[in-house]
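Note sheet for the following structure.
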Amino acid sequence: MSKDPRAIKAKMLSVGRLKKTTKAMEMVARGKMKRAVSSALSTRPYASCALELLINLSRELSEEKLRESKLLSSPEGADKILIILIASDRGLCGGYNAMLLKGLKNYLDELRNGEEAEFLCIGRYAVKHAKRAGGTILKTMNISEDPQETESNNLADYLLARFGEGEYKEAVILYSNFISVFKQQVTARKLLPLSSVSLKDMISELGGEGEDSTERNDIRVEKISQSNYLFEPSEESIVDLIVPRLLKAQVYQSLLEAGASEQSARMVAMKSATDNADKMGKELLLNYNKARQAAITKEILEVAAGACG
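Those letters in the sequence shown? Residues 4 to 312, per the working numbering, in order.
Following this line, the structure appears as structure tokens:
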């Protein structure tokens, strides 16, 4: 590091400006994070109840009815996977996007029988990740930082239309599930075809962490197994009406979870940058004082030497 006081002071000013910028970005991200987390948590009870209803619906239907429904069974001969990949449009969010890329690679490695993956990308980084994975990008969609139901409905309608064509074995949404401000988890949630096993997994994901959440999930599953339903006017009409609506609820919840995760990661990253800038500023101030003191001492010695001469 330079010992010139002027060079050190210039660097101090630069670090100070950077600190103000990261602090402002931290405060903006904190506000967005609070709104995103509030939205994600407030819709979890509805999403969980919707999943329970889907489980009951799939259990009550006969095997023949399940095979007849395009949403409750895989088309014969289909070998492709449709992946909805949700990532961010912008950087400066720590390891958020890198975590999603790693999760995507792990999911693709687990695919069996050489199944081909095709992508519906949400966010600029989702497009980059899909290209790196070597998959086919069917469509890209822009979703606002504060996801609206109209946006999620458009996404779900496209998903239902593509899956209904019979080309895909299953449809999966891959995103970052919000656990806490400091912890997010990459989740690959199977959306279609619906099954009681995949729906139970979704309920567990929405439950959070800890022994209490595990106990609550067990209670919900026990309640599900004891439920009995009567279908009016018919099973087919119920499936055609309710399943798409409940699927839209799951897509909307996934978008909210991803938004909360992204804003949390960005807030933590900007706070870390602000703390590092503050630490660097203190170190530079110490070095500046040392360099300034050394310069003053040198001048005094030169004056004293001139007087003695």
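All residues carry an ideal CB built from backbone N, CA and C; glycine is no exception.
Start and end residues, alpha helix (DSSP H) containing residue i
i	result
E319	For the chain, the structure presents residues 4 to 312; residue 319 sits outside this window and is missing.
A81	Counting along the chain, A81 falls outside any alpha helix (DSSP H), and DSSP gives it neither H nor E.
A136	127-136
Chain-order list of residues whose beta-carbon lies under 7 Å from that of residue i (same chain, five-residue window excluded)
i	result
S155	K251, V254, Y255, L258
M15	G284, L287, L288, Y291
E29	M270, M273, K274, T277
Y178	I89, T190, S257, E260, A261
A32	Q266, R269, M270, M273
I146	I125, E154, L258
Contacts around residue i, its chain only, beta-carbon distance under 8 Å, and the 5 residues preceding and following it disregarded
i	result
V18	A280, M283, G284, L287
K83	E118, E119, A120, E121, E170, Y171, K172
K108	A136
L162	L85, I87, L123, A174, L194, L195, L250, V254
S264	Y99, Y178, S179, N180, F181, Q187
Delimiting residues of the beta strand (DSSP E) encompassing residue i
i	result
A191	186-195
A164	Taken as a continuous stretch (DSSP letters only), A164 belongs to no beta strand (DSSP E), being part of the alpha helix (DSSP H) at 152-167.
N180	171-183
K142	139-144
Neighbourhood of residue i by C-beta distance below 6 Å, restricted to the same chain and skipping five residues each side
i	result
K6	A294
I1	The question about residue 1 has no answer, for the chain in this structure spans 4 to 312.
S42	L259
Per-residue DSSP class, three states only, for residue i
i	result
L88	strand
L95	coil
L74	coil
E119	strand
Go through the segment 223-277 residue by residue and report every complete run of the alpha helix (DSSP H) that reaches 4 residues or more, in order.
-> none
Assess, as a yes-or-no matter, whether the segment 80-94 is touched by the segment 44-57 under the definition of 3 or more beta carbon pairs within less than 8 Å.
-> no
Should the segment 181-200 be regarded as contacting the segment 95-105, the criterion being three or more beta carbon pairs within less than 8 Å?
-> yes
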